[in-house]
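A short write-up of the structure that comes next.
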Ligand code: NAD
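Residue numbers (this note's numbering): 46 to 312.
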């Protein structure tokens, strides 16, 4: 079923690693031209090299399948420039995947989390999504519609006794923002959905769970007995990005291996 994103133009933030990188590869394999954005220049260039080497789909005449853009999503001017670059390069924008996010190592409970940790987390995880929506939706309006996907998290809908207060609050904000934007833009042929990954085997979580005991503390609660893979999220993002999801907007799309349905898990 190749070609589900034929002639579409996508921006993916946080494309230097994890979900963003796997999504860039998959979107391009399905025919999209992908503008890969990340704060880490080396990482995002490596993603573009992978995309170009692994993509066999035909692209817009004379254009590379993917381009790398260094962008800090917390900075409005950089996100505006990112969207401008996509339109200058490929002529339009159909898919805005606001995926970049951080989990700060000093993020903790209400008593111990420093204000600077809270502010940094909110600037990237919440404002970064807002800027992506602001400029992405403006570009989509000019060509008659599109699909916005904002990466939230299962922690936005579930409580956890292993605290990361700023991160959890930031992802709750992403869900609420996504729902409202979906309603505001529903009659403009712009769909806005949240992707809610479960715990994944990517650097973001594995760097945080840096001991076997910390990993085990989570694994016991996972119905499938394993962490998820970034590519499993990329496949869900592909669905939301594509016209296969044409009647889906405003949803919290849970891709969590059943975690949010669990009371006790199998032994
Ligand atoms: P990752 O750490 O593998 O990749 C994140 C990428 O974002 C990195 O390449 C990093 O350089 C980039 N980035 C960080 N700050 C940035 C900024 N200010 N501007 C631009 N790029 C920036 O993480 P991942 O697991 O692929 O996570 C992607 C998204 O999924 C995040 O929003 C994360 O919160 C969310 N998520 C992850 C998990 C998980 O378990 N890994 C679970 C739920 C939700």
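All C-beta atoms in this analysis are idealised placements derived from N, C-alpha and C, irrespective of residue type, glycine included.
Could you tell me whether any non-hydrogen atom of the ligand NAD is closer than 6 Å to the CB of residue 117?
yes
Quick check: is any heavy atom of the ligand NAD less than 6 Å from the C-beta of residue 51?
no
Compute the minimum distance between the beta carbon of residue 145 and the heavy atoms of the ligand NAD, and state whether it is under 6 Å.
Residue side-chain check: residue 145 places its Cβ nearer than 6 Å to a non-hydrogen atom of the ligand NAD.
Residues bridged to residue 191 (per DSSP):
235
Residue ranges of each beta strand (DSSP E) run of no fewer than 3 residues wholly in the segment 74-129, ordered along the chain?
78-83, 111-115
Per DSSP, cross-strand counterpart(s) of residue 297
239
Inter-residue spacing [alpha-carbon to alpha-carbon] between residue 116 and residue 275
21 Å
Are the beta-carbon atoms belonging to residue 90 and residue 113 less than 7 Å from one another?
yes
For residue 203, which of 282, 147, 297 has the nearest alpha-carbon?
297
Three-state class that DSSP yields for residue 272 in the structure shown:
coil
Does the distance from the CB of residue 71 to the CB of residue 283 come in under 7 Å?
yes
Measure the C-alpha to C-alpha separation of residue 260 and residue 122 and round it to an integer number of angstroms.
38 Å
Rounded straight-line distance, which links the Cα of residue 67 to that of residue 165:
25 Å
Rounded C-alpha distance that separates residue 238 from residue 65
Cα to Cα, the separation comes out at about 16 Å.
Along the chain, where does the beta strand (DSSP E) that runs through residue 54 open and close?
54-58
Other residues of its chain near residue 75: CB distance less than 8 Å, five sequence neighbours each side excluded:
47, 48, 49, 50, 51, 102, 283, 287
Residue range of the alpha helix (DSSP H) that includes residue 167
160-167
Rounded straight-line distance, which links the Cα of residue 312 to that of residue 153
30 Å
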